[in-house]
Structure formats: C-alpha cells, structure tokens
Amino acid sequence: MAAVLIVSPVGMMTSLAYANSVDSHGLTNVALKGPTAAPSQTVDQENETTAIPASKAATADAQSFDANGTINAVTYITKILKFDLQGEWNMQVRDGSIVRFSANMAAVPSSTSLGKPHTHQLLNYNASEIGLRDSNNNFFTNGTIDIGTNDKISWSSVPVVITINTGKTITITIDDSQAGHHFAGQPIVGTVESITECSSVPGAAMSIESLCGPIENNGPAQGGENATETTTIPENNETNSNATVIESSGAESGSGQITVNIDSKTYGPNETPQISGKVKDPVAGTVAQVDVSDSSGKVVYNTVAGVSADGNFFTSLKTFSPGQYTVVVTYHGNTGKTSFEVVETGG
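To convert, take the position in the sequence shown, counting from 1, and add 15; that gives the working numbering.
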C-alpha cells in the first residue's frame with residue numbers, strides 16, 4: 016500500500032495511506048483525458064509520494080469562491096475491462112468553509128458483457144481540513160463524503176481527499192476499503208472549468224457584482240424539499256442491504272427538465288424500442304442513465320445514453336418479452352419517464 020503525502024499551501028501534511036495502486040495488472044492507476052496534471056505538482060517515483068508545493072500567499076477574499084468542472088477519466092479494472100467516468104463536479108466555499116461539494120458521473124464499461132453501466136453521486140461532504148487557496152489556485156481539503164450508486168446511497172461518511180492543482184485539474188481520492196473497493200483503489204480525476212472568487216457582502220458604491228451566489232443543493236440524492244426518502248430496495252439493487260433509495264419528486268416527462276420520447280407505444284417480441292429526448296442544462300460529454308422496469312417495478316434492463324452539447328440524447332434498448340414496461344431516464348438528479356407494451360404477435 017503506497018502512502019501519498021499532500022502538502023497544502025499553508026504547510027499542512029496529510030498521509031493518504033489508502034491511495035492504492037493496481038500493480039498486479041501492470042496498469043497506471045487513472046488515465047486522465049484532457050490536460051495532464053499541473054507541472055507544479057511533483058512526484059517522487061522512488062518513494063511514491065506526491066507533493067503540492069506551497070506558493071504565493073493567499074488573501075482572505077480567496078476563501079469565498081465557486082468552482083466547477085468535469086469528471087473525465089478512465090478507471091482500469093483488468094487488462095480487458097475499464098470504465099469511462101464521465102460527469103461533472105461543483106464546489107462552493109464561503110468565508111473559508113466548504114458549504115457544498117458534489118459530483119455526478121456515469122461509469123461506462125468498455126464491454127457490457129464484463130461490466131454494467133451505472134452512475135455515481137458524491138454528496139454530503141463534511142470537511143475535516145481545509146487549506147487556504149493560493150494565488151496559483153492550489154487548494155486542498157479532506158473529510159468524509161457519501162457515495163451513491165444509481166441515485167441510492169451505497170456508502171456513508173467515507174474518508175476522501177480533494178485537491179485542485181493550479182486551477183487546472185482535480186483529484187478526488189476515496190478511501191478504497193471504506194467504499195467496498197468499488198473504485199479499485201484508483202482516484203477520480205477531472206478538469207477545472209472555472210474558479211470564480213466572490214464575497215459574502217456587497218461591495219462599495221452599491222456594487223453587487225462580486226456578491227456570492229446562492230448555495231446550490233446536492234440534488235435529490237441529498238434529500239431536502241425536492242426529494243423524498245424511502246427504504247424500499249429494488250430487487251436488482253447491487254449495493255449493500257442498508258442502502259437508502261432516493262426518489263426524485265421533481266421532473267417527469269414534459270416537466271421541462273427532461274423530455275423522453277419513444278418511437279412507439281406497442282412492440283412485438285422481436286422489436287427494439289428506440290428512446291430519445293432532451294435534457295435541460297446539459298454538459299457535453301456526459302451521459303443519462305436509462306432504466307427499464309417491468310410491471311412489478313423490477314429493473315430488468317439498464318444502459319446509458321450520450322448527451323450532446325444541445326441536450327439531445329438517443330439510445331436503442333433491446334427486445335423484451337410480452338408485458339408492460341416503464342422507462343426512467345435520469346440526468347443530474349432529474350428524471351423523465353415513458354412507458355410501452357410488448358404484445359404477442361401472430362399465432
């Protein structure tokens with residue numbers, strides 16, 4: 016087990032004893048799509064340690080900011096199976112406190128015969144340490160976070176370390192053992208799209224241009240006024256038996272968040288339904304989760320649909336046996352629904 020040492024801009028040091036590798040496969044932990052790690056980050060290959068050097072002094076204003084970006088990485092499971100992680104993350108810091116950090120991503124396998132597509136949510140972050148963001152946009156924090164799978168909480172209060180390197184890349188290192196080794200000891204990496212400083216109080220001369228915006232919630236997986244909790248577990252749920260199922264009480268088809276279309280309402284046993292639609296506030300390069308359940312409510316098929324920059328998505332399902340089916344499309348915590356029937360043909 017390799018120990019990783021991260022030094023925050025104010026000189027704090029935290030050992031990450033749970034940053035494992037997958038040397039048994041002879042593979043690099045995570046391959047980042049897009050910009051590589053910032054050049055100011057140094058790596059001691061012999062001792063397997065990583066350090067973020069302290070740089071220029073930070074200002075008090077730098078401790079209130081909004082940051083966001085994309086998750087865009089590859090996680091290797093075996094030499095023939097890998098998962099593309101695609102999604103987005105958001106962070107809001109106010110007066111030196113992290114009031115929100117969340118991430119939503121889809122995990123798309125290289126082979127659906129070896130792995131199943133699914134989604135993950137990171138939410139309810141509780142910070143233990145927060146470094147001071149410096150003028151080079153280096154930032155560090157550690158604490159605990161809840162991890163959801165397909166919008167259901169799978170693991171609660173999992174230790175995590177989050178680092179932003181020179182405002183270009185983000186690394187989310189999850190305690191592998193506390194998350195059931197689901198992420199194969201590999202960090203989740205991505206890119207930073209923006210970091211915007213703000214102030215908790217208005218400026219002089221009636222200025223509000225730099226005033227911080229409202230605190231966003233974590234979406235329905237966190238609970239709150241736009242979500243309801245139930246302890247009903249779908250039969251095909253692969254998370255632990257104590258998982259919390261979160262159901263969105265918001266968007267269904269036609270509500271303005273997600274529009275879901277189907278090419279027919281009735282199919283024969285050898286016909287394949289085609290699902291299309293459009294989501295609100297799309298992020299290019301992300302995917303929507305598509306689940307098909309039978310009349311008993313059991314999910315019998317799932318897949319993902321790529322979302323374009325203008326929000327459109329499309330996917331083909333598979334053939335089904337006669338019966339009634341419901342299709343639920345989930346994107347960033349919102350859901351849209353449609354239904355269809357498969358009937359016997361001929362005789």
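We treat Cβ as the ideally placed atom computed from N, Cα and C, and that holds for glycine.
Could you tell me if residue i is buried or exposed, where buried requires 16 or more neighbouring beta carbons within 10 angstroms of its beta carbon?
i           : result
residue 324 : exposed
residue 103 : buried
residue 280 : exposed
residue 226 : exposed
residue 329 : exposed
residue 196 : exposed
residue 94  : exposed
residue 79  : buried
residue 45  : Any answer about residue 45 is weak, because its pLDDT of 36 lies below 50 and its placement is not dependable; what the coordinates show is given next. The residue in question, residue 45, is buried, as its Cβ has 16 or more Cβ neighbours within 10 Å.
residue 101 : buried
residue 127 : exposed
residue 106 : buried
residue 129 : exposed
residue 229 : exposed
Check whether the Cβ atoms of residue i and residue j sit closer than 8 Å, and answer yes or no.
i           : j           : result
residue 170 : residue 162 : yes
residue 122 : residue 86  : no
residue 205 : residue 191 : no
residue 287 : residue 360 : no
residue 337 : residue 314 : no
residue 215 : residue 110 : yes
residue 186 : residue 175 : no
residue 140 : residue 116 : yes
residue 189 : residue 142 : no
Below 7 Å CB to CB, which residues in the same chain sit around residue i once its five sequence neighbours on both sides are set aside?
i           : result
residue 125 : 96 and 97
residue 54  : Its pLDDT being 35, under 50, residue 54 is placed unreliably by the model, and nothing is read from it.
residue 303 : 294, 319, 320, 322, 328, 344, 345 and 346
residue 301 : 101, 102, 103, 121 and 322
residue 193 : 170, 173 and 174
Using three-state DSSP, classify residue i as helix, strand or coil.
i           : result
residue 272 : coil
residue 194 : helix
residue 339 : strand
residue 78  : helix
residue 201 : coil
residue 347 : coil
residue 360 : coil
residue 121 : strand
residue 303 : strand
residue 354 : strand
residue 92  : coil
residue 187 : strand
residue 230 : coil
residue 312 : coil
residue 219 : coil
Sorted by chain position, which residues of the same chain lie with C-beta nearer than 6 Å to residue i's C-beta, five sequence neighbours on each side aside?
i           : result
residue 341 : 308 and 354
residue 48  : Confidence in residue 48 is poor, its pLDDT being 36 and thus under 50, which makes the residue's placement unreliable; the coordinate value appears in the next sentence. The answer, listed in chain order, is 87.
residue 343 : 306, 350 and 352
residue 276 : 291 and 292
residue 283 : 360
residue 182 : 152, 207 and 210
residue 356 : 281 and 339
residue 82  : 106 and 210
Looking only at its chain, what residues have a beta carbon closer than 8 Å to the beta carbon of residue i, apart from the 5 residues adjacent to it on each side?
i           : result
residue 62  : With a pLDDT of only 41 at residue 62, under 50, the local geometry of the prediction cannot be trusted, and no value is derived from it.
residue 84  : 103, 104, 185, 205, 206, 207, 208 and 209
residue 240 : Low local confidence applies: a pLDDT of 34 at residue 240 is under 50, so the model's placement there is unreliable, and no value is given.
Check: Between the segment 309–322 and the segment 127–139, do three or more beta carbon pairs fall short of 8 Å?
Finding: The answer is yes - the segment 127–139 touches the segment 309–322, with three or more Cβ pairs under 8 Å.
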